[in-house]
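Read the structure below first, then the notes.
Numbering (the numbering used here), first residue to last: 2 to 105.
Written as structure tokens, this is what we have:
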């Protein structure tokens, strides 16, 4: 488990946060490309979700590209599911996930 004090989390992109020097990619979601308008909006939503909140991540393993993946929460709210609920991401978990989700 990794935890960061309030205000000590950096959002690298719509699916990746950096806390205590460790980049953590949110597990189980797909987001628009970072350079797209939708990707920028998703990253801004993630910034709002973590702002001034206690963020904790349960590490899940290594992802493609060397990122650590994790299930992260901000004051108890699941960040991946909050992005899905807000329409900024889509869920990509389980064996029934579309091929483009599994490749990310």
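We put the beta carbon where it would ideally sit given N, CA and C, even for glycine. The structure presented is a predicted model; accordingly, all values stated were derived computationally and were not measured.
Between the stretch 70-90 and the stretch 37-56 there are three or more inter-stretch CB-CB distances shorter than 8 Å, so the stretches are counted as touching. No residue range can be given for residue 22, since it is assigned to no beta strand (DSSP E) and is classified by DSSP as neither H nor E.
Put simply, of 74, 42, 69 the residue whose alpha carbon is nearest the alpha carbon of residue 22 is 69. For residue 42, the enclosing alpha helix (DSSP H) covers residues 38-51. Boundaries cannot be given for residue 55, as no alpha helix (DSSP H) includes it and DSSP labels it neither H nor E.
When the beta-carbon positions are compared, residue 71 and residue 82 stay at least 8 Å from each other.
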